[in-house]
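Following: one structure in structure tokens, then a few remarks.
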Amino acid sequence: MIDRRLLTNFDWKIFLLILLVAAVGIVNIHSASASYKIAGTPYAIKQLYWAAIGSGLIMLICSIDYHILEDVSYWFYGILLIFLLLVLAVGKTSMGATRWLNLGLFSIQPSEPMKIVIIIAFARYYTSNQNAGSLGFRDVWLPFLLLAFPALLIMKQPDLGTAVMVCLVAATITIAVGLSWRVVLSFLLTSIPAVYIAWHYILRGYQKNRILNFFNPERDPLKSGYHLIQSKIAVGSGGLTGKGLMHGTQAQLSFLPEQHTDFAFSVFAEEWGLVGSLFILLLYLALVLWGLHVASRCNDRFGTLLAVGVTAMIFWHIVINMGMVIGLFPVVGVPLPFFSYGGTSMITSMIGAGLLLNISMRRFMF
Amino acid sequence: MKGNRYIRGVQGLHRKIYLLSVAATVIFLILLSRLWFLQFIEGDKLREMSENNRLRFIPVAASRGALLDRNGKVLVNNTPSFSLAVIPNEVKDKEYLLDNLAQVLSIDRNELLSRWEKGKGRAKYFPLVLASGLTRDQVEFFEENSLRLPGLEIEVKPVREYPQGTLAAHMLGYIAEISEKEMATTDFADYNPGDYIGKNGIERSFEKYLHGDDGGRQIEVDARGRLLRTLSETFPVPGQSLQLTVDLELQKAAEKALGDSAASVVVLDVNSGEILAMASSSQFDPALFTSRMPPEQWQAYLDDKRRPLENKALKGQYPPGSTFKIITALAGLNEGLIDENTTVNCSGEYAVGNGKFHCWNRKGHGKVNLRSALRESCDVYFYMLGEKLGVDRIADYARRFGLGQPLGIGIEGEKSGFVPTAAWKEKKTGSRWYLGETLSVAIGQGYLLTTPVQLAAMTSGLATGSIYRPHLVKKILDRDGKTTKEFQPEVLKRIELKPEHLRLVREGLLAVVNDPGGTGASARLYEVKVAGKTGTSQVVKLQESKRAVAYQYRDHALFIAFAPYDKPEIAVAVVVEHGQHGGGAAAPVAGQVLRKYFELKGVVRKPGAALEAGDEETKEDGDKE
């Protein structure tokens, strides 16, 4: 499938943008984990490996025409749904959550690929079910079920962050396709009792605490509100130019929680200040706008929706993570794409990027 | 290729994607504005909070200055005390640790646990004191086993040591942990919670010299409170020591003489105002305030009728009784109303208007002059004189001798006593001053109030013609023993009276102690001429039967004295609460103190034989009807 014409169309700009974010992330992880006493490979080096593996994956994905995905999308979806059910039945439990499935040779976390697969499934659905105007009730009940099954299963693990992410991505694709006002209105109306039910029957105690703490962090400054307060202090104390690499007191003295993963950005903001924050924010904005640009210049509906979905996934990760770190959102465990430490997150984000590049380089293929 | 199918329906999508780009940009701007708010607007505040997170100040208490007697003997000092603290978040096995502690400290395991639980609300890295006053062996044990029992810390703190026990406790005062109320005052702005401060007496009044400057260490800690490094350190500057005017031996003798009755004695150097001894009984133990005061003990102090916590020498106010006749006599002489030859015929009573005022001796003293009136403490003589003087003139002379005002001896809580005037009474009660009240004042009763230290100062004024300000501190010494401040004698009052008049009254006082028929014979010394005056102050008026009066209604016994008569050196004032008779209860105390003073000087060589009691009248003073 791959030929020289495709290679010349390879979107180096996006690829280099992503590598730049990953490189800054690795330096930051080095600083964030400096106070850790761990044996074996340091986190920064491990992250470097993951970035390399991810880059390889991008190349691999680019070599396969994304149109194939349209045909296998429901198969992927079905298999992952079964995996999610299996997680609930026989999954590995650690730290109060059941997220991993042991497949003998290795373990997988099926909720993570579901972020990508839901994009593919939704793109497929809206491609094969086209209508002239915006989507009415008859058009959305099926995608709603398509979303509800995995979302509820993931929520049940519990993994609020991923569940929210899957919903946001699916919603963004649906909005891009277009919703009728009646659907939007009735969604808003039903969301009120839905929130009530979720609060009383679905959310766990610690999840509720996080949300309550978000609204009032002083509620419990030493326990669950602690993360939020310490993160805000870290970010703010960075000031205009930051305390300097390896000199963030909040990070180096371990006042931050999860500081190499979910709260990696607080470390960065503390050590590099507003100048550094602005730099990262601009890189991400460029990435998001470029992703939407790829979507808008794609000539087929499936590719466009796929690009929108992947961009949405990256976008919402950025917004939810940064929003959490700077106290705009409650604490939900969502990593910052390409930046936070973690193989799973890096691979998922790189697969997403691979799809974007794939769509971008095949835009002239008709 | 299925091109057509793809191209259809893409146009509408692309328009919406443009809107999505705008939305994404707006949301990023919101993120940016929040970052700008936190890092730019709130930046300084949050940076301070991050500093507070990592910086801790650990105060190191300065060792308190010592208190020495006039010859440099130690009255109060410091001794290192070891206490055991636990740092909860460094403890590996709480149960195991508690078992070990209970065994080594021989403290009940549950008691240890409850002390531990008390610190629950505090940060887990904060050392929590579990036991104080560890023995050397215990300290050694914990140091040797620090690896096996992690999370323990030995704290060394200087604590007050009282080598003389309860001696002079009232004058010296005690120290205890600073209260929240004290923390709030400007005097203690530099203090930290948990600091020990002087609560009263010299410890309180000289706090700023004694306390020293606390040092401390600025340390950096991580989120778990572990010490990472010391950023800066200031060493404590020990407090300054005080060399007092008190003589340890004389103080001991004074306290021994008082016994455990509710009483006080003040011994003054008449030529400098130095207080050589100041005792108040009954006693309390100052060491109990430094460590844990048992609640029963505290309640016992509060319930004791003898008020062991009060320094009666400074804070006890009593009508001076017949000791005040000195003032009435000097006023009469100076105003020309009497001279040494003026005589009065005492029939045992004195008529005033429709009523009668009795002499303490109902049978009457017969014909008395100034000398015999003082010697036998004849009330009628002074009723006559008081009537001629009027209360305001008496008050004027009382003030010249330092009564009715605090003397400013430099110790907190000194009382002023009270000298009444006609104007005062009219203002206070609206009714005029009655003659009968003047007669009461003339013999030292009625509204008059004096403190023992004022009586001693008054006596020194009579003895030398001037009153030096009584004081307790001679010198302030730095840690090397070098004098940094010396308190010089300061004349408080010059007694502007004719030396002749002073001599006449002194002669009367000499007779009180030394003549047959004098009321103060128990203060007599054979080697030294002592002059004195007894006094009895009424607690309640009109006691028909003096035999069976409940303790709290019995009269106070007073005695003042100075010696040697020809070249006065010291003045003594004694008040024995509810002691009934100045001659019987108070004069012997003065006698013992005077004997000790002259023994220490080498003037009196051997302890005196038992006092020959009973050869003189000891009963005196009168009531009014």
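If you read the protein sequences in the order shown, they are chains A and B. Convert by adding 203 to the 1-based position in the first sequence; the result is the number in our numbering. Convert by adding 3 to the 1-based position in the second sequence; the result is the number in our numbering. We put the CB at the ideal spot given by N, CA and C, even for glycine. Fair warning: this is a prediction, and the values are worked out from it, not measured in the lab.
#1: Using only CA atoms, which one of 64/B, 102/B, 536/B lies nearest to residue 332/B?
#2: Between the C-alpha atoms of residue 448/B and residue 292/B, what's the straight-line distance to the nearest angstrom?
#3: For residue 221/B, which beta-bridge partners are listed by DSSP?
#4: Report the three-state DSSP secondary structure of residue 49/B (helix, strand or coil).
#5: Whole angstroms is fine: what's the gap from residue 606/B's alpha carbon to residue 471/B's?
#6: With H, G and I counted as helix, E and B as strand and the rest as coil, what does DSSP make of residue 164/B?
#7: Can you tell me which of the three DSSP states residue 548/B falls into?
#8: Using a Cβ cut-off of 9 Å, which residues of the stretch 428–444 of chain A contact any Cβ in chain B, in chain order?
#9: When you compare only the Cα positions, how much space is there between residue 535/A and residue 41/B?
#10: Alpha carbon to alpha carbon, how far is residue 213/B from residue 68/B? Give it in angstroms, no decimals.
#11: What span of residues does the beta strand (DSSP E) with residue 66/B cover, start to end?
#12: Secondary structure at residue 365/A, three-state DSSP: helix, strand or coil?
#13: Output yes or no for whether 8 Å exceeds the beta carbon distance between residue 253/B and residue 603/B.
#14: Give me the Cα-Cα distance between residue 171/B and residue 272/B, rounded to the nearest whole angstrom.
#15: Taking C-beta to C-beta, are residue 405/B and residue 457/B nearer than 8 Å?
#16: Around the Cβ of residue 409/A, are there at least 16 other Cβ atoms within 10 angstroms (buried) or fewer (exposed)?
#17: Under a CB-based cut-off of 8 Å, is residue 19/B close to chain A?
#18: Along the chain, where does the beta strand (DSSP E) containing residue 361/B start, and where does it finish?
#19: Pairing CB atoms from the stretch 231–250 of chain B with CB atoms from the stretch 72–88 of chain B, are three or more of them under 8 Å?
#20: Does the beta-carbon of residue 247/B, which I'm using as the reference point, lie nearer than 7 Å to any heavy atom of the ligand SAM?
#21: For residue 90/B, which residues in chain A fall below 8 Å Cβ to Cβ?
#22: From the beta carbon of residue 16/B, is the nearest beta carbon of chain A less than 8 Å away?
#23: Run the CB neighbour count on residue 60/B, radius 10 Å, all protein chains shown included, and call it buried at 16 or more, exposed below.
#24: Is it buried or exposed, residue 286/B, if we count other Cβ atoms within 10 angstroms and call 16 or more buried?
#25: Helix, strand or coil for residue 312/A, going by three-state DSSP, please let me know.
#26: Enumerate in chain order the residues of its own chain whose CB-to-CB distance from residue 455/B is below 6 Å, with the five nearest sequence positions on each side excluded.
#27: For a contact defined as C-beta to C-beta under 9 Å, what are the partners of residue 24/B on chain A?
#28: Can you tell me whether residue 556/B is buried or exposed? The criterion is at least 16 other CB atoms within 10 Å of its CB, across all chains shown.
#29: What are the residues in the stretch 503–527 of chain A lying within 9 Å of chain B by C-beta distance?
#30: List the endpoints of the continuous alpha helix (DSSP H) containing residue 514/A.
#31: Which bits of chain A does residue 45/B rub up against, with CB to CB less than 7 Å?
#32: If you check the beta carbons only, do residue 505/A and residue 273/A fall under 8 Å apart?
#33: Does the stretch 94–113 of chain B touch the stretch 42–57 of chain B, meaning 3 or more C-beta pairs lie closer than 8 Å?
#34: Below 8 Å between beta carbons: does that hold for residue 277/A and residue 558/A?
#35: Whole angstroms is fine: what's the gap from residue 548/B's alpha carbon to residue 459/B's?
#36: How is the beta strand (DSSP E) around residue 497/B delimited, first residue to last?
On the basis of the supplied data:
#1: The count along the second sequence starts at 1 and reaches residue 332/B at position 329. Among 64/B, 102/B, 536/B, the Cα nearest to that of residue 332/B is on 536/B.
#2: Residue 448/B sits at position 445 when you count from the first residue of the second sequence. Residue 292/B sits at position 289 when you count from the first residue of the second sequence. So the alpha carbons of these two residues sit roughly 38 Å apart.
#3: Indexing the second sequence from 1 puts residue 221/B at position 218. Beta-bridge pairing links residue 221/B to 60/B, 235/B.
#4: Residue mapping note: residue 49/B aligns to position 46 of the second sequence, counting from 1. Residue 49/B falls in the helix class under three-state DSSP.
#5: One-based indexing of the second sequence puts residue 606/B at position 603. One-based indexing of the second sequence puts residue 471/B at position 468. Cα to Cα, the separation comes out at about 25 Å.
#6: The residue labelled residue 164/B in the question sits at position 161 within the second sequence. In the structure shown, residue 164/B sits in a strand (DSSP, three-state: E or B).
#7: Taking the first residue of the second sequence as position 1, residue 548/B is located at position 545. Its pLDDT being 49, under 50, residue 548/B is placed unreliably by the model, and nothing is read from it.
#8: 432, 433, 435, 436, 437, 438, 439, 440, 441, 442, 443
#9: As a first step, residue 535/A must be located in the first sequence, where it is residue number 332. As a first step, residue 41/B must be located in the second sequence, where it is residue number 38. So the two alpha carbons sit approximately 20 Å from each other.
#10: Translated into positions along the second sequence, residue 68/B becomes position 65. Translated into positions along the second sequence, residue 213/B becomes position 210. Going by the C-alpha atoms only, they are around 5 Å apart.
#11: The residue given as residue 66/B occupies position 63 in the second sequence. Taken as a continuous stretch (DSSP letters only), residue 66/B belongs to no beta strand (DSSP E), as it is neither H nor E.
#12: Your numbering for residue 365/A matches position 162 in the first sequence. If DSSP states are grouped into helix, strand and coil, residue 365/A belongs with the helices.
#13: The count along the second sequence starts at 1 and reaches residue 253/B at position 250. The count along the second sequence starts at 1 and reaches residue 603/B at position 600. It is a contact, given that the beta carbons lie within the stated cut-off.
#14: For the purposes of this step, residue 171/B is taken as the residue at position 168 of the second sequence. For the purposes of this step, residue 272/B is taken as the residue at position 269 of the second sequence. The alpha-carbon atoms of residue 171/B and residue 272/B are separated by roughly 18 Å.
#15: Counting from one through the second sequence, the residue named residue 405/B turns up at place 402. Counting from one through the second sequence, the residue named residue 457/B turns up at place 454. Contact: yes.
#16: Taking the first sequence and counting its residues from 1, one reaches residue 409/A at position 206. Around the CB of residue 409/A, fewer than 16 other CB atoms lie within 10 Å, so the residue is classed as exposed.
#17: Working through the second sequence from its first residue, we reach residue 19/B at position 16. Taking Cβ atoms only, chain A reaches closer than 8 Å to residue 19/B, which makes this a yes.
#18: Counting from 1 along the second sequence, the entry for residue 361/B is found at position 358. Per DSSP, residue 361/B belongs to the beta strand (DSSP E) from 358–361.
#19: yes
#20: The ligand SAM is absent from the structure shown, which contains no ligands of any kind.
#21: Taking the second sequence and counting its residues from 1, one reaches residue 90/B at position 87. Simply none; closest approach about 17 Å.
#22: Sequence index remark: in the second sequence, residue 16/B carries index 13 (1-based). Yes, residue 16/B counts as interfacial toward chain A.
#23: The residue given as residue 60/B occupies position 57 in the second sequence. The residue is exposed, with fewer than 16 neighbouring Cβ atoms inside 10 Å.
#24: Along the second sequence, read from residue 1 onward, the residue named residue 286/B stands at position 283. The residue is buried, with at least 16 neighbouring Cβ atoms inside 10 Å.
#25: Along the first sequence, one-based indexing puts residue 312/A at 109. Coil, per DSSP.
#26: Here residue 455/B is taken as the residue at index 452 of the second sequence, counted from 1. So the list reads 267, 269, 316, 576, 578, once near-sequence residues are dropped.
#27: Mapped onto the second sequence, residue 24/B falls at position 21. Those are 491, 492, 495, 496, 499, listed as they occur along chain A.
#28: As a first step, residue 556/B must be located in the second sequence, where it is residue number 553. The residue is exposed, with fewer than 16 neighbouring Cβ atoms inside 10 Å.
#29: 503, 504, 505, 506, 507, 508, 510, 511, 514, 515, 518, 521, 522, 525, 526
#30: Position 311 of the first sequence holds residue 514/A. 504–528 is the extent of the alpha helix (DSSP H) around residue 514/A.
#31: Position 42 of the second sequence, counted from the start, is the residue given in the question as residue 45/B. In chain order: 439.
#32: Your numbering for residue 505/A matches position 302 in the first sequence. Your numbering for residue 273/A matches position 70 in the first sequence. The answer is yes: Cβ separation under 8 Å.
#33: no
#34: Working through the first sequence from its first residue, we reach residue 277/A at position 74. Working through the first sequence from its first residue, we reach residue 558/A at position 355. Cβ distance not < 8 Å, so residue 277/A and residue 558/A don't count as in contact.
#35: Translated into positions along the second sequence, residue 548/B becomes position 545. Translated into positions along the second sequence, residue 459/B becomes position 456. Only weak support is given to the placement of residue 548/B: the predicted model assigns it a pLDDT of 49, under 50, and the value that follows is read from those uncertain coordinates. One C-alpha to the other measures close to 32 Å.
#36: In the second sequence, residue 497/B corresponds to position 494, counting from 1. That run of the beta strand (DSSP E) goes 494–497.
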